[in-house]
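Below is one structure, written out as structure tokens, with a few remarks after it.
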Amino acid sequence: MNIKNLADLRRIKEQVKSETSSRRENETQIIVGMGTCGIAAGARAVMMAVLDEVTKRSLRNVSVMQTGCIGMCQKEPLVDVVRPGEPRITYGNVKPEDIPRIVSDHLVNGRVVSDLVVARL
Amino acid sequence: MEKLARAHVLVCGGTGCSSSGSKIIIPALREKLQAKGMEDEVRVVETGCHGLCEMGPLVIVYPEGVFYVRVKPEDVDEIVETHLVKGRTITRLLYREATTLETVPGYDKIAFYKKQKRYALANCGHINPESLEEYIGADGYEGLAKALDMTPEAVIEEIKASGLRGRGGGGFPTGLKWQFTRAASGDKKYVICNADEGDPGAFMDRSVLEGDPHRIIEGMAVCGYAIGSDEGYIYCRAEYPLAIKRLRNAIAQAREAGLLGEGILSGKFNFDLHIKEGAGAFVCGEETALMASIEGRRGMPRPRPPFPANSGLWGKPTNINNVETFANVPSIMRDGAGYFASQGTETSKGTKVFALTGKINNTGLAEVPMGITMREIIYEIGGGISDGRNFKAVQIGGPSGGCLPESLLDLPIDYESLTRAGAMMGSGGLVVMDETTCMVDVARYFLNFTQDESCGKCTPCREGTKRMLEILNRICEGMGKEEDIPLLENLAKSIKGASLCALGQTAPNPVLSTLSFFRDEYEAHIREHRCPAGACAALIGYTITDKCRGCGLCKKACPAGAISGETKNVHVIDKKTCVRCGECQAKCPFNAIDKS
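Below, the structure is given as structure tokens:
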């Protein structure tokens, strides 16, 4: 690596900032239910799909988080999407192949994927 | 493309946390994550010091920013399975406020951090100190890039405008020092970073070097550009092996990236650095002795003038600053002087790092704006005095400083106010003492230190500190004479006035300040052969009262075999054999042993 000028420094900075974006709690969040029920229903594969999608789209300022059981075990795997200033949306019976739609439509563009919604908090 | 790690686990790898076990935790975490197939999802990062060393090893889990303290290797499984897999916070590992005993999950909500303004320590604990990229990600080297676009004179003006003063103790205005070195005539000039941190209880420089080494390199490079120097030395004591290792690594990275060496940032500025390991002599923190040591001579001070700015290392103009001073430079250059100058008091700008040690709940490092009171540091950040005892005094400024009593706790701290109170800023070591500390004994401790570390070149320091120490030893043993106090004061005056360097000139300060605030304790030792704090072994004795049930625990605990007595009968301590260690009192279940 050879750094020639301020522009080089800024370019590296942007890259590192995106790699370390998980070192802060961002306002936009996607949360996977990882209680025993969630894991049994396949939440882990859903989580991997979320990470793949977020990486693929180089999404910054998004926190990928987990949570425990919220009591709606029959609808697991549950995935919540939180966007600043908007209600928290819970999706149920999520399969890994639903993730690209949830990420692109809702997380990025703010359009709720209504056929998968189970609750609005 | 590397997969985005959804969680970053930051484990403190500073000297404090390494010694309390983080060296084992880091590989254990990686191994467990691998076993779970989560090594791509979760990144484990070894960082520098977070400052709350008392609670180490510290582990912080992001994105939530959950702060786990005193983590043991056996907690690793739970952190991975409960927190990283299921997303549940592990309550029992959370930090508890020393004062309220409430658990606090978030890093930024802990009282220890809330009052702090981390400027020099901004990156410590938040980045991987062995990664140049992470430093750049935290705005690193932008200050240098900006400086190289300015004229050297403008850089010096910016530093002057910030009001930055030397953080090593003296408090000399940094910009002015740079200006003097720039103005000195000579084709070869040097920049030196004084990393010979030696005050008992001080470890702020070590933490910066270990936690953010690139910051020092950047600060020194800016200085080199400003004064017209192409070569620098970092004089770091060999007792800081981790700091030296990280510095060497950082220097190599900076060279490879073209941030050190020839044509920095493809311009005309050349600058390179060497590390010189010191052997740990306290006097080598004195600038002229330090330079003698770099030159390969015995580390002894010489009279000034000439000042290093005109004739320093190998007789060339040299600018020498302390680690914390250089640590402030990159941000001042990057953000301009305004923010720094807006912090602190009229004469002392910016923030200062203090090392909190002694009888305080939150031992560690705290960076606060100048002008804060000692009470805020000790009670709000430090969490108060440990073991529910009462505050007695705080020693500030190391062996050159003084002890401040409770009546001065509300003094706003800056260079001038501390000097007026008979202490000094020094490097910022704070040793907090409670009611069980004897102030004569404290003065004796520091005198013993300076006497030991005196280089012996000038008589007042070499002989004077020895005589003062003899008198203090005598007082602590109960053999003090009435004329000892005026004799101490007289000696102190001569040593202060006639010593060659700051070591001797300030060595009597601990005695003078305790004499002015705790004179009654000296008098009690001398006149009544009594140590009011019950600390001086020669002046205390233990006796067993009739509360004794004859259980024999004290007899077992006594290392000197001084206790005798039949079971179920009151025991007796033989005063001649007793070594006054207090073990018996600690063991007695019936509170039957009195100390007098």
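These protein sequence lines are chains A and B, in that order.
The first sequence begins at 1092 in this note's numbering and counts up by one.
The second sequence begins at 24 in this note's numbering and counts up by one.
Don't be surprised by glycine CBs; every beta carbon is placed ideally from N, CA and C.
How big is the Cα-Cα spacing for residue i and residue j?
i: A:ASP1143; j: A:PRO1178; result: 25 Å
i: B:VAL34; j: B:SER45; result: 7 Å
i: B:PRO555; j: B:HIS237; result: 49 Å
i: A:ASP1189; j: B:ARG53; result: 31 Å
i: B:GLU153; j: B:SER477; result: 37 Å
i: B:ALA134; j: B:LEU117; result: 14 Å
i: B:LYS55; j: A:PRO1187; result: 25 Å
i: B:ARG443; j: B:GLY163; result: 38 Å
i: B:PRO331; j: B:ASN345; result: 14 Å
i: B:GLU101; j: B:LEU75; result: 23 Å
i: B:ALA416; j: B:GLU429; result: 6 Å
i: B:CYS559; j: B:CYS461; result: 7 Å
i: B:LYS570; j: B:ILE383; result: 33 Å
i: B:ASN351; j: B:CYS147; result: 13 Å
i: B:GLU69; j: B:THR123; result: 31 Å
i: B:ASP617; j: B:GLN418; result: 30 Å
i: B:GLU87; j: A:LEU1212; result: 20 Å
i: B:ARG398; j: B:ARG29; result: 41 Å
i: B:PRO80; j: A:MET1156; result: 24 Å
i: B:ILE250; j: B:GLY520; result: 33 Å
i: B:LYS212; j: B:SER41; result: 38 Å
i: B:HIS73; j: A:LYS1147; result: 33 Å
i: B:SER334; j: B:GLU157; result: 38 Å
Since residue i and residue j should fall inside the 8 Å C-beta cutoff, what is the C-beta to C-beta distance between them, to a whole number of angstroms?
i: B:ARG357; j: B:GLY71; result: No, B:ARG357 and B:GLY71 are not in contact; Cβ-Cβ is about 20 Å, not under 8 Å.
i: A:ILE1121; j: A:VAL1170; result: 7 Å
i: B:GLY234; j: B:LYS339; result: So it is not a contact: roughly 32 Å between Cβ atoms.
i: B:ILE240; j: B:LEU171; result: Between B:LEU171 and B:ILE240 the Cβ distance is about 14 Å, and since that is not below 8 Å, they are no contact.
i: B:THR396; j: B:LEU453; result: Rounded, the Cβ-Cβ distance is 13 Å, inconsistent with contact.
i: A:GLY1126; j: B:LYS109; result: 7 Å
i: B:LEU470; j: B:VAL534; result: 6 Å
i: A:VAL1221; j: A:VAL1141; result: Because chain A is modelled from 1092 through 1212, residue 1221 of chain A falls outside the range shown and cannot be assessed.
i: B:MET323; j: B:LYS200; result: 23 Å between Cβ atoms; not a contact.
i: B:GLU92; j: B:HIS106; result: Reading the sequence as shown, one finds Val at residue 92 of chain B and not Glu. With 8 Å as the limit, B:VAL92 and B:HIS106 do not qualify as a contact, their Cβ atoms being about 14 Å apart.
i: B:ARG572; j: B:PHE613; result: 6 Å
i: A:GLY1159; j: B:ARG115; result: Rounded, the Cβ-Cβ distance is 16 Å, inconsistent with contact.
i: B:THR537; j: B:SER423; result: Going by Cβ atoms, the distance from B:THR537 to B:SER423 rounds to 14 Å, so no, they are not a contact pair.
i: B:ALA561; j: B:GLY501; result: 5 Å
Helix, strand or coil, according to DSSP, for residue i in the structure here?
i: B:ARG188; result: strand
i: B:VAL554; result: In the sequence as displayed, the identity of residue 554 of chain B is Cys instead of Val. Reduced to three states, the DSSP call for B:CYS554 is coil.
i: B:GLU399; result: helix
i: B:GLN608; result: helix
i: B:MET54; result: Inspection of the sequence shows that residue 54 of chain B is occupied by Glu rather than by Met. Helix.
i: A:GLU1116; result: coil
i: A:SER1109; result: helix
i: B:CYS478; result: coil
i: A:ASP1143; result: helix
i: B:GLN528; result: helix
i: B:THR590; result: coil
i: B:GLY198; result: helix
i: B:PRO128; result: coil
i: B:ALA121; result: coil
i: B:LYS516; result: helix
i: A:THR1093; result: Correcting the residue type first, residue 1093 of chain A is Asn in the shown sequence and not Thr. Reduced to three states, the DSSP call for A:ASN1093 is coil.
i: B:ALA218; result: strand
i: A:PRO1168; result: coil
I want to check one thing, is the minimum distance from the CB of residue i to the heavy atoms of the ligand ADP below 6 Å?
i: B:ALA30; result: The ligand ADP is not among the ligands present in this structure, which contains no ligands whatsoever.
- Residues of the segment 1108-1124 of chain A whose Cβ lies closer than 9 Å to any Cβ of chain B, in chain order: LYS1108, SER1109, GLU1110, THR1111, SER1112, SER1113, ARG1114, ARG1115, GLU1116, ASN1117, GLN1120, ILE1122, VAL1123, GLY1124
- Please go through the segment 356-429 of chain B and give each complete beta strand (DSSP E) segment of 3 or more residues, from N-terminal end onward. 374-381, 387-392, 414-419, 425-428
- Query: What residues from the segment 74-101 of chain B come within 7 Å of chain A, judged by C-beta to C-beta, listed N to C?
  - Reply: TYR85, PRO86, GLU87, GLY88
- Listed in chain order, which residues of the segment 1092-1104 of chain A have Cβ atoms closer than 7 Å to some Cβ of chain B? MET1092, ASN1093, ILE1094, LYS1095, ASN1096, LEU1097, LEU1100, ILE1103, LYS1104
- Query: Which of the residues in the segment 147-158 of chain B, read from start to end, lie with their CB under 7 Å from any CB of chain A?
  - Reply: GLU156, GLU157
- Task: For the segment 1177-1208 of chain A, enumerate the residues whose C-beta is nearer than 8 Å to any C-beta of chain B, in chain order.
- Result: none
- Query: Which full runs of the alpha helix (DSSP H) of 4+ residues lie inside the segment 273-348 of chain B, going along the chain?
  - Reply: 310-317
- Item | Any beta strand (DSSP E) of 3 or more consecutive residues that is wholly inside the segment 31-113 of chain B | 65-70, 82-85, 89-91
- Task: Compile a chain-ordered list of the residues in the segment 110-122 of chain B whose CB is closer than 8 Å to at least one CB of chain A.
- Result: GLY110, ARG111
- Task: Taking only beta carbons into account, state which residues of the segment 454-484 of chain B come closer than 9 Å to chain A, listed in chain order.
- Result: none
- Near-chain C residues of the segment 54-70 of chain B (beta-carbon distance less than 7 Å), N- to C-terminal order: The question asks about chain C, but that chain is absent: this structure's protein chains are A and B.
- Message: Beta carbons nearer than 9 Å to chain A: which residues of the segment 250-282 of chain B have them?
- Response: GLN276, GLU279, ALA280, GLY281, LEU282
- Task: Identify each residue in the segment 283-294 of chain B for which the Cβ-Cβ distance to at least one residue of chain A is less than 7 Å, and report them in chain order.
- Result: LEU288, SER289
- Start-end ranges of the alpha helix (DSSP H) lying completely within the segment 224-272 of chain B, minimum 4 residues: 227-234, 236-250
- Along the segment 1151-1176 of chain A, what residues have a CB closer than 8 Å to any CB found in chain B? SER1154, VAL1155, MET1156, GLN1157, THR1158, GLY1159
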